[in-house]
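Visitor:
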Amino acid sequence: MVSPPVKWGLRVLAVGYVFFLVAWPLALLVRQTFGNGLGNLVDALGDEQVTGALQLTAMIAFWAVVINLVFGVTISILLVRYEFPGKRVLSALIDLPLSVSPVVVGLALVLAYNGRNGLVGPEMEARGVQVIFDSPGMIMATCFVALPLVIREVVPVLVEVGDDQEQAARSLGANAPQTFWRITLPSIKWGVVYGVVLSLARSVGEFGAVKIVSGNITGRTQTATLVVEQKYQNFQQETAYATSFLLILVSIACLLVVAFLRPKHDS
């Protein structure tokens, strides 16, 4: 048994760690954002550079989440329900984005898809498809860094629920799409929701890989995180704080939506 002083000491240590690492910096950011009331936020939303970057960020995050959702659920089912050569290698590669710097990811995409001397970039640009310094490359980079989030949420749920109901459905004549939509998806829906939320938050906040593949072209390939950096370096800290607050607000809103939608009996 752990003595009460040790329990309280561990609690204070955990709360202090979270406070100094997360809560305190965020509180300072909020204070700086609203130091002049709503003025900083209004000015940021009135800045065409900021609004354009927010729109681009929303578009990139949307497509990245959709792509990762489709492929994430598919790969999860493949890993849990089927045996095939290279399964362990595939599972290990899925975690690669968690261990590789996003800057390295961006550089690798540039080497493969740039239109001057990339591996396939010149051929693609000759056919009118530009990847690097355009939205396709930014979506690819964002998809890569957020790839494991849906999979690592769905795989444990698939393992836990098993495949008894799926086998019963197939034995009663249900085909693969019917089994998926009526049996598999309802049983993993909360894993999918959490994975989507995490993927969205990661996609909105991506910086390193997107900066490399986008070229950080103002008004064209500049996302919200890149605007924060530029505004801060240009001594427009108030706008940088306000834009950062908007990005944080998106993540908090996603978590709140999940908390309200989640059934009470699942908590």
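Numbering (my numbering), first residue to last: 1077 to 1343. C-beta atoms are modelled at their ideal positions from N, C-alpha and C, and glycine is treated no differently.
Comparing C-alpha positions only, which one of Glu1314, Gly1249 and Ile1151 sits nearest to Leu1024?
Guide: Residue 1024 lies beyond the residue range present for the chain, which begins at 1077 and ends at 1343; the question has no answer from this structure.
Visitor: By DSSP, does Gly1281 sit in helix, in strand, or in coil?
Guide: Three-state result, Gly1281: coil.
Visitor: For Tyr1158, which residues of its own chain have a beta-carbon under 8 Å away from its beta-carbon, when the five flanking residues on both sides are left out?
Guide: Result list for Tyr1158: empty, nothing under 8 Å.
Visitor: Answer yes or no: do Ile1136 and Ile1215 have a C-beta to C-beta separation smaller than 8 Å?
Guide: Yes.
Visitor: Using C-beta distances below 8 Å, list every residue in its chain close to Gln1254, excluding the 5 sequence neighbours before and after it, in chain order.
Guide: Around Gln1254: Ala1245.
Visitor: Using only alpha-carbon positions, find the residue among Phe1256, Trp1139 and Thr1319 that is nearest to Gly1128.
Guide: The candidate whose alpha carbon is nearest that of Gly1128 is Thr1319.
Visitor: If we ignore side chains and look at the alpha-carbon of each, how far apart do Gln1108 and Gln1241 end up?
Guide: In a straight line, the C-alpha of Gln1108 is about 54 Å away from that of Gln1241.
Visitor: Is Leu1195 near Ile1288, with beta carbons less than 8 Å apart?
Guide: No, these two residues do not count as a Cβ contact at 8 Å.
Visitor: Would you decide whether Leu1155 is buried or exposed? Buried here means 16 or more other CB atoms lie within 10 Å of its CB.
Guide: Buried.
Visitor: Excluding the 5 residues preceding and the 5 following Leu1121 in the sequence, name in chain order all residues of the same chain whose CB lies nearer than 7 Å to its CB.
Guide: Cβ within range, chain order: Thr1127.
Visitor: Quick one: residues in its chain with C-beta nearer than 7 Å to the C-beta of Gly1281, no 5 flanking neighbours on either side, listed in chain order?
Guide: Closer than 7 Å at Cβ, skipping near neighbours: Thr1301 and Leu1323.
Visitor: Roughly how many angstroms separate the alpha carbons of Gln1306 and Phe1220, rounded to a whole number?
Guide: Spanning the two alpha carbons is a distance of roughly 24 Å.
Visitor: Just how far apart, CA to CA, sit Pro1198 and Gly1191?
Guide: In a straight line, the C-alpha of Pro1198 is about 4 Å away from that of Gly1191.
Visitor: Give me the Cα-Cα distance between Leu1223 and Pro1173, rounded to the nearest whole angstrom.
Guide: Cα-Cα distance, rounded: 7 Å.
Visitor: Can you give the beta carbon distance from Thr1315 to Phe1209, rounded, assuming they're within the 8 Å contact cut?
Guide: No, Thr1315 and Phe1209 are not in contact; Cβ-Cβ is about 25 Å, not under 8 Å.
Visitor: Where does the unbroken alpha helix (DSSP H) through Trp1257 begin, and where does it stop?
Guide: Run containing Trp1257: none; DSSP gives neither H nor E here.
Visitor: Note down the Cα distance separating Gln1131 from Phe1138, rounded to an integer number of angstroms.
Guide: The alpha-carbon atoms of Gln1131 and Phe1138 are separated by roughly 11 Å.
Visitor: What residue does the alpha helix (DSSP H) around Leu1248 start on, and which one ends it?
Guide: Element bounds for Leu1248: n/a, residue is neither H nor E.
Visitor: Assuming Tyr1189 is part of the alpha helix (DSSP H), what are its boundary residues?
Guide: Taken as a continuous stretch (DSSP letters only), the alpha helix (DSSP H) holding Tyr1189 covers Pro1178 to Tyr1189.
Visitor: When you compare the stretch 1272-1286 with the stretch 1104-1118, are there three or more beta-carbon pairs, one atom per stretch, that lie closer than 8 Å?
Guide: Touching, no, given that fewer than three Cβ pairs across the two stretches are closer than 8 Å.
Visitor: Using a threshold of 8 Å, state whether the C-beta atoms of Val1273 and Val1334 are closer than that.
Guide: Taking 8 Å as the Cβ cut-off, Val1273 and Val1334 qualify as a contacting pair.
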